[in-house]
Amino acid sequence: MINNLKINILAFTFVALLCIWTQSSAQEVPIQIKGTVRDNLGRAMPGVTVNAGPARGTLTNSMGEYTLLKGDQPLTFSYNGFTTQKISTVDKEQLDITLQPDAHKNDEIVYLGYTAQRRGDISGSVSTVTGEELERAPVANLNQTFPGRLAGLTTQEASSELSRASTNLYIRGISAARGAGPLVMIDGIINSYNSHQTLDYISANEIESVTLLKDASTQALYGIQGASGILVVTTKRGNKGDVQIKTTLDQAFQEVTTKPHFYNAAEYASMRNQAAANDGQVKPFTDQQLEGYRSGTDERYPSTNWYDRYMQDYASMQRAAVNVTGGSDNVLFYSNLNFMHQGGQFITDQTEYNPNANNVWVNYRSNVDMKLNRYLNAFVRLSGNVKRERTPGAGNATVYSSLFQIPPTMYGPLSPDGKVLTTQNVASPTYGLLNRTGYVRHTVTNITSQFGLDLDMGFLTKGLKLNGTMAYQTNSVGSLSTREDYERFIRSGANDTLAFIKKGDQNETPLAYSKTHSYYYHLTYNTALNYQRDFGKHNVGAMAYMFFQNLTRTETSSPGLLPYNRVSSGAEFSYGYDRRYLVKFDLGYSGS
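Per my numbering: the sequence shown = residues 36 to 627.
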């Protein structure tokens, strides 16, 4: 009896221990969790970092979805510009997360040209806008996307020609002491020559962020070149994961915001008569002519709205873009191809050639980042673009202004036998400027090759890094100008007959061609030593750099131009305590 009882107790104890061991083992088995990450507006968020402890992490795909094995570590979801969310207890296999924007964005990394810092550690004044926000503007030039998006940046359109708009950029307002435009730096390379035009050849589709440095503490590092502020453009990089292809197509229709109002011929003639009467002069139009303009039944008395005659109601623009990104632990790549076509706004009659404004622009960019070993990384940046513009031989602005010079009472634009008509007071009518002056074709080609190495010198001391960059930029500007002239005719005598006589001594000439070309070559070297390290609540940072740039320029009209060299160096030191108290020292030296 006693022996049987001992056996039963031992058996029960063995079964109980087995159950406990089985339950404990089952708890250690990782759980597969999947879900979708969205922002506060319900949009899927690709590229969110999902971490479940050491060696257990992933990124959300293009649909914001993730799948990973969770152990006993908390689950964290993090993304630049959003508050990191940590989930300690997960008792289900489906976990959907909504990330909220970080109002202060203290953890956001801001690119400052030669350095990158947490926004919360920046003591100077900077403004940042993302490429995603710039993409929303249906415009051809990047400069036109900045208004209202970068605090402290004032924009002024000097010209509003379609796809050729010229925008002046000012830091701290137009009346500020620094009247020049800001320096432009793209991926750590300064664009010294025609800096403001550099932005005309970049699309918002390839930009990660644009940062405006607008006070002395952020500009001093760049010496005299940074006196008018700096625009730091950072292009997109590859993301770890499967290859992702994104295509964008859009069609835009553009029209003037305020269409000018023109008086008809009867109103114009009446006001001319009234003006002459006020001055005690003879009225230029008789009562018979006024009645003819009012009735509109006699071809001798036309009433023409020249704006409607030569201007389309709208112009069209097409844009297409393809982005390809992906990568592994050792290689990340990003490639972009953009195409843009901007149609003209004029109505033309020329059949031998097309004088209407037209612009075609193609550009590409490829960024490759490689991890060579534990300490050494390399990167290659390749970009280029071709922009071809066509305008009437007289120029868009001249054609447009002529619309306001021709009276609605003028017969034309051609006589019954095909002669170009004008008036006594107008030297060149709109029809002649558009259809009889030739055209100008302007082609700009830019190619940039950039190579660099990043050396993590943590084997000497933690936080020490050395990087070097070499960039070669070429810029080719070519113009093909065609010119021809034509005879002008005006009505002879009064406006009651359709007889015409020649005005001036211009004669019909055949189309003549001329070409000009200029080339610019930039060679840039840049080396920087960075140190960044935390000691408890103390944060210490230091940086020193050397920069050299050579510009060689050749033109068909001036083949013997001398090269131009620029050398600059700088250093900075920063100290922060408890992420609240910051001290920073900057030094810049430059010469040319």
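Just so you know, even glycine gets a beta-carbon here, dropped at the ideal spot from N, CA and C.
Since this is a predicted model, take the numbers as computed values, not measurements.
With a threshold of 16 other CB atoms inside 10 Å of the CB of Glu-63, please say whether the residue is buried or exposed.
The predicted position of Glu-63 is uncertain, since its pLDDT is 46 and thus under 50; a value taken from the coordinates is nonetheless stated next. Glu-63 should be labelled exposed.
Looking at Ala-392 and Asn-18, is the spacing between their C-beta atoms short of 8 Å?
Residue 18 cannot be examined here, being either before or after the span of the chain that is shown, 36 to 627.
For Ile-157, name the three-state secondary structure that DSSP assigns.
Coil.
With C-beta atoms as the reference, is Asp-285 less than 8 Å away from Arg-184?
No, the Cβ-Cβ distance between Asp-285 and Arg-184 is not below 8 Å.
What span of residues does the beta strand (DSSP E) with Tyr-298 cover, start to end?
Per DSSP, Tyr-298 belongs to no beta strand (DSSP E) and is neither H nor E.
Suppose contacts are defined by Cβ-Cβ distances below 8 Å. Is Asp-491 in contact with Tyr-410 by that definition?
The Cβ-Cβ distance between Asp-491 and Tyr-410 falls below 8 Å.
Entirely within the region 372-412 and at least 3 residues each: give me those beta strand (DSSP E) ranges in chain order.
393-406
From the DSSP output, which residues share a beta bridge with Ala-350?
Per DSSP, the beta-bridge partners of Ala-350 are Gln-289.
Rounded to whole angstroms, what is the Cα-Cα separation between Asn-574 and Glu-143?
17 Å
Lys-538 and Arg-523 - do their beta-carbons sit closer together than 8 Å?
Taking 8 Å as the Cβ cut-off, Arg-523 and Lys-538 qualify as a contacting pair.
If you count every other CB in all the chains shown that lies within 10 Å of the CB of Phe-439, and 16 or more means buried, which is it?
exposed
Please name the residue in Gln-191, Gln-254, Ser-238 whose C-alpha comes closest to that of Asn-371.
Ser-238
Give me the Cα-Cα distance between Asn-398 and Glu-167, rounded to the nearest whole angstrom.
18 Å
Can you check which of these residues, Met-505, Leu-468, Gly-513, Pro-464, is closest to Lys-422 by C-alpha distance?
Gly-513
Quick one: using the 10 Å Cβ neighbour count with 16 as the cut-off for buried, is Thr-282 buried or exposed?
exposed
Grab me the residues of Gln-289's own chain with a C-beta within less than 7 Å of its C-beta, minus the 5 sequence neighbours each way, in chain order.
Leu-197, Tyr-349, Ala-350, Met-352
Would you say the region 266-275 touches the region 324-338, given that touching needs at least three Cβ pairs under 8 Å?
no
If we count the other Cβ atoms within 10 Å of its Cβ and call it buried at 16 or more, is Val-317 buried or exposed?
So Val-317 counts as exposed.
Using the C-alpha atoms, what's the distance from Ala-311 back to Tyr-303?
12 Å
So who's on the other strand from Asp-621, going by DSSP bridges?
Glu-607
Where DSSP assigns a beta bridge to Met-505, which residues make up the other side?
Phe-486, Tyr-560
Run through the region 202-272 for me and flag every whole beta strand (DSSP E) of 3 or more residues, listed as ranges in chain order.
218-221, 224-226, 242-248, 265-270
Using a Cβ-Cβ cut-off of 8 Å (strictly less than) and excluding sequence neighbours within five positions of Lys-41, which residues of its own chain qualify?
Confidence in Lys-41 is poor, its pLDDT being 43 and thus under 50, which makes the residue's placement too unreliable to answer from.
Could you check whether Leu-110 and Ala-87 sit closer than 8 Å to each other, using their CB atoms as the reference points?
yes
May I ask you to verify whether the region 462-479 touches the region 499-506, counting CB pairs closer than 8 Å and requiring at least 3?
no
Report the option in Tyr-342, Leu-564, Phe-582 whose CA atom is closest to the CA atom of Thr-293.
Tyr-342
Where does Asn-96 fall in DSSP's three states?
coil
What's the call for Leu-256, buried or exposed, on a 16-neighbour Cβ count within 10 Å?
buried
Please determine if the region 181-195 and the region 218-227 are in contact, where contact requires at least 3 C-beta pairs separated by less than 8 Å.
no
I'd like the span of the alpha helix (DSSP H) that includes Thr-465, first residue to last.
Thr-465 -> alpha helix (DSSP H) spans 465-470.
What does DSSP give as the partner residues of Met-492 in its beta bridges?
Per DSSP, none; premise fails for Met-492.
For Glu-326, report the span of its alpha helix (DSSP H) as first-last.
Residues 322-330.
Could you give the DSSP three-state label for Tyr-345: helix, strand or coil?
The answer is helix: DSSP assigns Tyr-345 an H, G or I state.
What span of residues does the beta strand (DSSP E) with Gly-70 cover, start to end?
Element bounds for Gly-70: 66-73.
Met-445 by DSSP, collapsed to three states: which one?
coil
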